[in-house]
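Notes follow the structure.
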Amino acid sequence: MLSTKPVGRGAAARKYDILTALGAYALARDKHDQRRVLRLMTLMTARYNWARDELAVGQREIAQLWSVDERTVKREMALLRARGWLVVRRQGARGRVTQYALGLDRILEDTSAQWPCVGSDFELRMGAGDESQTVVPLPVKTPVAAPDVSSGSEWVLAQALLHAEDAGAYAAWISALTRAERAGGRLTLRAPSRFHAAYVQTHLERRILAALREVDGDVSEVRVVT
């Protein structure tokens with residue numbers, strides 16, 4: 000398969016191959032996915048540091064590039080992280096922007112179905128059908144599937160981030176929580192039992208709040224009830 004680090008000899012061609020794969024994938028999807036992939040591709044071509052395998056751009060600059068507000072940037076970046084297409088290398092703090100890397104393994108996996116649409120030469124170059132290589136996929140143990148983010152609510156987006164960070168904790172405690180109500184900056188979640196609610200409030204509240212603030216900076220409090 001195509002090297003997941005497009006640096007060194009032939010790097011320029013590999014970058015174009017990655018962008019081609021993303022473009023072919025987008026064209027096979029609905030308008031929402033198309034727009035999201037176009038935003039990522041624009042960010043990659045304009046600001047990705049391929050030599051360092053790093054993206055370090057502030058939300059304000061991304062908003063200007065995408066012609067959207069910063070709230071939209073937060074949600075879109077969270078969705079790209081949840082999908083595994085962007086990976087946090089260093090969380091932003093004290094005036095420093097968050098540093099990301101491309102999740103190229105996941106990008107290649109997700110776009111592979113569209114490689115034949117580009118052409119047999121492209122498919123061969125990307126690694127599908129290359130008989131000189133034997134790829135044995137490793138089993139992936141996912142206790143609970145990632146949540147459906149189609150509703151776009153702050154809770155499902157935060158759940159997707161939490162699932163990506165720790166699928167085990169998500170399966171045990173977070174997947175069972177449902178969105179009860181939102182009042183200003185307070186989000187109320189409903190747990191299946193009093194014990195479940197108490198455990199989450201005591202041990203996971205800060206992690207949940209951090210994920211929520213990643214997608215919606217207006218959330219300032221999380222309450223868990225039964």
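For the sequence shown, the positions run 0 to 225 when numbering that gives the first Met the number 0 is used. Think of the CB as a built atom: it goes at the ideal place given N, C-alpha and C, for glycine as much as any other residue. As the structure is a computational prediction, the values presented were derived from the model and not from experiment.
Short of 6 Å from the beta carbon of Y169, and not among the five residues preceding or following it, lie these beta carbons of its own chain, in chain order: L161 and H162. Scanning its chain for C-beta atoms nearer than 8 Å, with the 5 sequence neighbours on each side dropped, one finds around Q90 the residues T97, in chain order. By the Cβ neighbour-count rule, Q113 is buried, with 16 or more other Cβ atoms within 10 Å of its own.
Approximately 4 Å separates the beta-carbon atoms of T110 and A20; this is inside 8 Å, confirming the contact. Bounds of any beta strand (DSSP E) do not take in A112, whose DSSP letter is neither H nor E. Across the structure, Q200 and V87 are spaced so that their CA atoms are roughly 26 Å apart. DSSP, read as helix, strand or coil, puts V36 in helix. Annotation for E180: the continuous beta strand (DSSP E) segment containing it runs T177 to A182. A distance of 8 Å or more separates the beta carbons of R185 and E153. Beyond the five residues adjoining it in sequence on each side, L18 comes within less than 8 Å, by CB distance, of M40, M43 and T44 in the same chain, given in chain order.
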